[in-house]
Amino acid sequence: MGCTACRYCTPNCPIGLDIPKILSLYNDVKLVNEEWRATFADAMPEGKRPEDCIGCGACTGHCPQSLDVPAVMKEMAEIRKKFQKEQ
Ligand code: SF4
Ligand code: SF4
Numbered sequence: 904m905g906c907t908a909c910r911y912c913t914p915n916c917p918i919g920l921d922i923p924k925i926l927s928l929y930n931d932v933k934l935v936n937e938e939w940r941a942t943f944a945d946a947m948p949e950g951k952r953p954e955d956c957i958g959c960g961a962c963t964g965h966c967p968q969s970l971d972v973p974a975v976m977k978e979m980a981e982i983r984k985k986f987q988k989e990q
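Residue numbers for the sequence shown follow my numbering, beginning at 904 and rising by one.
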């Protein structure tokens with residue numbers, strides 16, 4: 904996921920998610936294939952975690968890399984949910 908952290912997307916997110924930070928965490932999870940690392944998003948403010956994405960797509964149109972941000976948020980939310988169930 905080639906996010907350059909340009910942050911063109913972030914002012915357009917109605918939830919105020921730190922999109923590049925979450926994408927960076929997503930890359931970490933995928934790089935080492937350790938899903939538990941998705942729990943690091945617990946340290947993000949309440950209401951601003953991957954599962955708080957409403958899938959509006961307002962970010963994608965502003966991304967020069969054409970990244971499918973909502974899909975990543977959804978996947979991260981699913982990973983985090985799975986892990987929470989295991990606890
Ligand atoms: S799709 Fe999710 S990350 Fe993108 S702008 Fe909407 S709420 Fe924010
Ligand atoms: S606009 Fe795209 S490349 Fe830039 S920070 Fe957002 S997701 Fe990353």
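We treat Cβ as the ideally placed atom computed from N, Cα and C, and that holds for glycine.
Distance cut-off 6 Å: residue i Cβ against heavy atoms of ligand 1
i      : result
VAL935 : no
PRO973 : yes
MET976 : yes
LEU928 : no
CYS966 : no
ILE982 : no
Whole-number beta carbon distance between residue j and residue i, since they are thought to touch under 8 Å
i      : j      : result
CYS956 : MET976 : 4 Å
CYS962 : CYS916 : 6 Å
GLU954 : PHE986 : Going by Cβ atoms, the distance from GLU954 to PHE986 rounds to 12 Å, so no, they are not a contact pair.
Cβ-heavy atom distance, residue i to ligand 2, below 6 Å
i      : result
THR907 : yes
PRO923 : yes
CYS959 : no
CYS912 : yes
LEU920 : no
Residue range of the alpha helix (DSSP H) that includes residue i
i      : result
ASP931 : 922-935
From the options, residue whose alpha carbon lies closest to that of residue i
i      : options                        : result
LYS933 : GLN968, THR963, MET904, CYS916 : MET904
LYS924 : VAL935, GLU938, ASN936, LYS951 : LYS951
ASN930 : ALA908, LYS984, HIS965, GLU949 : ALA908
Counting beta carbon pairs with one atom in the stretch 913-921 and one in the stretch 935-942, are three or more of them shorter than 8 Å?
no
Does the contact criterion of 3 or more C-beta pairs under 8 Å hold for the stretch 904-917 versus the stretch 969-979?
yes
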